[in-house]
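**Q** My questions will all concern the structure given below.
There are 2 protein chains.
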Amino acid sequence: MTKHLERDLAHLKRELLSLGALVEEATNKAITALVNRRADVADEVRNGDDLIDSRELEIEEECLKLLALYQPMATDLRFIVAVMKVNNDLERMGDLAVNIADRAFDMAMAQPVVPPGDLLTMAERVRAMVRESLDALVNRDCELARKVVRDDEDVDDMHKRMFKFLEELMMKDASLVPLGVHTLSASRHLERIADLATNIAEDVVFMVEGEVIRHTR
Amino acid sequence: MTKHLERDLAHLKRELLSLGALVEEATNKAITALVNRRADVADEVRNGDDLIDSRELEIEEECLKLLALYQPMATDLRFIVAVMKVNNDLERMGDLAVNIADRAFDMAMAQPVVPPGDLLTMAERVRAMVRESLDALVNRDCELARKVVRDDEDVDDMHKRMFKFLEELMMKDASLVPLGVHTLSASRHLERIADLATNIAEDVVFMVEGEVIRHTR
Chain G
3 MTKHLERDLA HLKRELLSLG ALVEEATNKA ITALVNRRAD VADEVRNGDD LIDSRELEIE
63 EECLKLLALY QPMATDLRFI VAVMKVNNDL ERMGDLAVNI ADRAFDMAMA QPVVPPGDLL
123 TMAERVRAMV RESLDALVNR DCELARKVVR DDEDVDDMHK RMFKFLEELM MKDASLVPLG
183 VHTLSASRHL ERIADLATNI AEDVVFMVEG EVIRHTR
Chain D
3 MTKHLERDLA HLKRELLSLG ALVEEATNKA ITALVNRRAD VADEVRNGDD LIDSRELEIE
63 EECLKLLALY QPMATDLRFI VAVMKVNNDL ERMGDLAVNI ADRAFDMAMA QPVVPPGDLL
123 TMAERVRAMV RESLDALVNR DCELARKVVR DDEDVDDMHK RMFKFLEELM MKDASLVPLG
183 VHTLSASRHL ERIADLATNI AEDVVFMVEG EVIRHTR
């Protein structure tokens, strides 16, 4: 039975990583759509979300099956519970990528109101956090996971600066309000993707070391 | 052992409901702070979040313990997994209540930019959804759970109307941008609390009937 469990856990891990790859791709495309004002790429993100949703359901089903079938203890149990949580977070990231794509779609025809470089810097940072949180998960790398948790503060700061900048811009020129509000939403969605990457990183630390680092920031 | 499991599951249920009551109270207070412009009540919400966070951790710990100790099957397993998910959603609702309280704090000294009645109507609807999702959970009431899922569409519509209204307001009078943006955030946080209540309702249906109603809306 242990051998079967081992095999099934390896399969579960691959499934989760494949979902992670889909979500990472959706995030990257949403960022491309936003920064390069590509409505066609935004559409790809919106059309891809059904697959992410159905994969999430399959993985959850798989976790429940493994729990019932093997009644695993200690490390294996903690791993399966972590997979369920990460799975949930990945699905929410997918939704946020769609939200960003929606904003990108609305803004594709207009002149950008923030220097594209600023949005890109933030987006690149978030993209790296998504990538690193998944790498930390695969490699059970707590050092990398803790880096992701630290990086989240930078993204929070970037979002706050973006907020301030857009607020002032809209006060100066009211005709920029609609675009300003869309850009603000996009920035907030990016910031929330970073939060979810941080959740994943925290779950990695919990899974590997058994230490809860949530709520201690 | 079955008797012990039964006793421990009943205890877990009580713990979850007590967390639910804390979160419901935080949500109600955040709404009061927002609508009645009460900075003191906003402060109570901010100060109460540590308790919610620590309760969430305790409940998760308890779930892991029960899974390892009893290796439960079928219904009990599905119940424990549902508790873990609802627990997570409740903690996120608590965070959103704090976000609303932060906005309420910033806006307490200013004249409201939206008719307080509009915000109140939306807030009352969200408050009812939180209440009903928890009632549905306690009573394993799928009919009520499905009502919560349906109500979420109304809240989404209310948020969209609020968005439109505030956007136009800010375009007409740029001096209202800061307050408009805060109000928009508060409305979005309310809408997300409703989303999480919907998640809980969906988990109730899954727990009781084994049917997945997520992603089918």
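Top to bottom, those sequences are chains G and D. Residue numbers for the first sequence follow our numbering, so the first one is 3 and each next one is one higher. Residue numbers for the second sequence follow our numbering, so the first one is 3 and each next one is one higher. Every residue, glycine too, gets a C-beta built ideally from N, C-alpha and C.
#1: Should the stretch 119 to 126 of chain G be called in touch with the stretch 26 to 43 of chain G, which here means at least 3 C-beta pairs below 8 Å?
#2: Checking contacts by CB at 8 Å: is G:S189 closer than that to chain D?
#3: Under the three-state reduction of DSSP, which class applies to D:E213: helix, strand or coil?
#4: Please name the residue in G:S189, G:V151, G:D52 whose C-alpha comes closest to that of G:E93.
#5: Report the residues of the stretch 202 to 214 of chain G with a CB closer than 8 Å to any CB of chain D, ordered along the chain.
#6: Could you check if G:G182 is buried or exposed, using at least 16 other CB atoms within 10 Å of its CB as the buried criterion?
#7: Could you please tell me which residues of the stretch 10 to 42 of chain G, in chain order, have their CB closer than 7 Å to any CB of chain D?
#8: Unbroken alpha helix (DSSP H) runs of length 4 or more, entirely within the stretch 59 to 112 of chain G: which are they?
#9: The alpha helix (DSSP H) spanning G:E38 covers which residue range?
#10: Report the rounded CA-to-CA distance for D:N152 versus G:D143, giving the unit in angstroms.
#11: At a cut of 8 Å, does the stretch 104 to 115 of chain G reach the stretch 82 to 96 of chain G through at least three beta carbon pairs?
#12: Tell whether a beta-carbon distance below 8 Å holds between D:L79 and G:L69.
#13: Who are the near neighbours of D:A99 in its chain, counting only those whose CB is closer than 6 Å to its CB and skipping five residues on each side?
#14: Under three-state DSSP, which class holds D:N201?
#15: On a CA-only basis, which of G:K5, G:P180, G:I102, G:K174 is nearest G:V43? Give me that one, please.
#16: Measuring only the C-alpha atoms, how far is G:A199 from G:C65?
#17: Measure how close the beta-carbons of D:H161 and D:R105 come, nearest whole angstrom, since I'm counting them as under 8 Å.
#18: My guess is that D:M172 and G:M172 are in contact by the Cβ rule of under 8 Å, so how many angstroms apart are they, rounded?
#19: So, is D:S56 buried or exposed, given that buried needs 16 or more other C-beta atoms within 10 angstroms?
#20: Tell me whether D:R16 is buried or exposed, calling it buried when 16 or more other Cβ atoms sit within 10 Å of its Cβ.
#21: Which residues, in order along the stretch 156 to 171 of chain D, keep a beta-carbon less than 7 Å from a beta-carbon of chain G?
#22: Do G:V25 and G:M86 have their beta-carbon atoms positioned less than 8 Å apart in this structure?
#23: Whose C-beta lies closer than 7 Å to the C-beta of G:E62 among residues of the same chain, with five residues either side of it excluded?
#24: Along chain G, in chain order, which residues have C-beta atoms closer than 8 Å to that of D:V100?
#25: Mind reading off the beta-carbon distance from G:A196 to G:D154? Whole number of angstroms is fine, and I expect it under 8 Å.
#26: Are D:V37 and D:L168 closer than 8 Å when you measure CB to CB?
#27: If the cut-off is 7 Å on Cβ atoms, which residues from the stretch 59 to 73 of chain D count as contacting chain G, listed in chain order?
#28: Please classify G:H6 as buried or exposed, where buried requires at least 16 neighbouring CB atoms within 10 angstroms.
#29: Put D:V115 into one of helix, strand or coil per three-state DSSP.
#30: List, in chain order, every chain D residue whose beta-carbon is nearer than 7 Å to that of G:V47.
#31: G:S177 touches chain D at which residues, Cβ-Cβ below 8 Å?
#32: Under 8 Å between C-beta atoms, does D:A76 make it to chain G?
#33: Look up G:R133 in the DSSP assignment and say whether it is helix, strand or coil.
#34: Among D:P180, D:R216, D:E8, D:K166, which one has its Cα closest to the Cα of D:T77?
#35: Compare the C-beta of G:V88 against all C-beta atoms of chain D and say whether one is closer than 8 Å.
**A** Taking the geometry as given:
#1: yes
#2: Your numbering for residue 189 of chain G matches position 187 in the first sequence. No, G:S189 does not count as interfacial toward chain D.
#3: As a working note, residue 213 of chain D is residue 211 in the second sequence. In the structure shown, D:E213 sits in coil (DSSP, three-state: anything other than H, G, I, E or B).
#4: Residue mapping note: residue 93 of chain G aligns to position 91 of the first sequence, counting from 1. Selected option, being the one with the closest Cα: G:D52.
#5: V214
#6: Translated into positions along the first sequence, residue 182 of chain G becomes position 180. Result: buried.
#7: none
#8: 76 to 109
#9: As a first step, residue 38 of chain G must be located in the first sequence, where it is residue number 36. Note that residue 38 of chain G is Asn in the sequence shown, not Glu. G:N38 -> no alpha helix (DSSP H), and no H or E assigned at all.
#10: Counting from one through the second sequence, the residue named residue 152 of chain D turns up at place 150. Counting from one through the first sequence, the residue named residue 143 of chain G turns up at place 141. In the sequence on display, residue 152 of chain D carries Arg and not Asn. Looking at the two C-alpha atoms, the distance is approximately 42 Å.
#11: no
#12: Taking the first residue of the second sequence as 1, we reach residue 79 of chain D at position 77. Taking the first residue of the first sequence as 1, we reach residue 69 of chain G at position 67. Yes, they are a contact pair.
#13: For the purposes of this step, residue 99 of chain D is taken as residue 97 along the second sequence, with counting starting at 1. A28, T29, A32, V47.
#14: Against the second sequence, residue 201 of chain D aligns to sequence position 199. Helix at D:N201.
#15: Position 41 of the first sequence holds residue 43 of chain G. For G:V43, the nearest C-alpha among the options comes from G:I102.
#16: Here the question's residue 199 of chain G lines up with position 197 in the first sequence. Here the question's residue 65 of chain G lines up with position 63 in the first sequence. Near 21 Å, if we compare the C-alpha coordinates of G:C65 and G:A199.
#17: Numbered from its first residue, the second sequence carries residue 161 of chain D at position 159. Numbered from its first residue, the second sequence carries residue 105 of chain D at position 103. That belief does not hold up - the Cβ atoms of D:H161 and D:R105 are roughly 14 Å apart, past 8 Å.
#18: What you label residue 172 of chain D is simply residue 170 of the second sequence in a count that begins at 1. What you label residue 172 of chain G is simply residue 170 of the first sequence in a count that begins at 1. Going by Cβ atoms, the distance from D:M172 to G:M172 rounds to 6 Å, so yes, they are a contact pair.
#19: On the second sequence, position 54 is the one that residue 56 of chain D refers to. When all chains shown are included, D:S56 counts as exposed.
#20: Reading the second sequence from its first residue, position 14 is the one you call residue 16 of chain D. Exposed: under 16 other Cβ atoms inside 10 Å.
#21: E169
#22: In the first sequence, counting from the first residue as 1, residue 86 of chain G sits at position 84. In the first sequence, counting from the first residue as 1, residue 25 of chain G sits at position 23. In this structure, G:V25 does not lie closer than 8 Å to G:M86 by Cβ.
#23: Within the first sequence, residue 62 of chain G is the residue found at index 60, counting from 1. M86, N89.
#24: In the second sequence, counting from the first residue as 1, residue 100 of chain D sits at position 98. In chain order: nothing, as chain G lies at least about 12 Å away.
#25: Start at 1 with the first residue of the first sequence, and residue 196 of chain G comes out as number 194. Start at 1 with the first residue of the first sequence, and residue 154 of chain G comes out as number 152. 5 Å between Cβ atoms; contact.
#26: Locating residue 37 of chain D in the second sequence gives position 35, counting from the first residue. Locating residue 168 of chain D in the second sequence gives position 166, counting from the first residue. No. Outside cutoff.
#27: L59, L66, L69, A70, Q73
#28: Taking the first sequence and counting its residues from 1, one reaches residue 6 of chain G at position 4. Counting Cβ neighbours within 10 Å, G:H6 comes out exposed, since fewer than 16 surround it.
#29: Looking up residue 115 of chain D in the second sequence gives position 113. Reduced to three states, the DSSP call for D:V115 is coil.
#30: Start at 1 with the first residue of the first sequence, and residue 47 of chain G comes out as number 45. Near G:V47 there are no residues of chain D at all, since even the closest Cβ is about 16 Å away, more than 7 Å.
#31: Here residue 177 of chain G refers to the residue found at position 175 when the first sequence is read from its first residue. Here the neighbours are M173.
#32: Residue numbering aside, residue 76 of chain D sits at position 74 when the second sequence is read from its first letter. By this cut-off, D:A76 is an interface position.
#33: Here residue 133 of chain G is taken as the residue at index 131 of the first sequence, counted from 1. G:R133 falls in the helix class under three-state DSSP.
#34: Residue mapping note: residue 77 of chain D aligns to position 75 of the second sequence, counting from 1. With distances taken between Cα atoms, D:T77 lies closest to D:E8.
#35: Taking the first residue of the first sequence as 1, we reach residue 88 of chain G at position 86. Not one chain D Cβ lies under 8 Å of G:V88.
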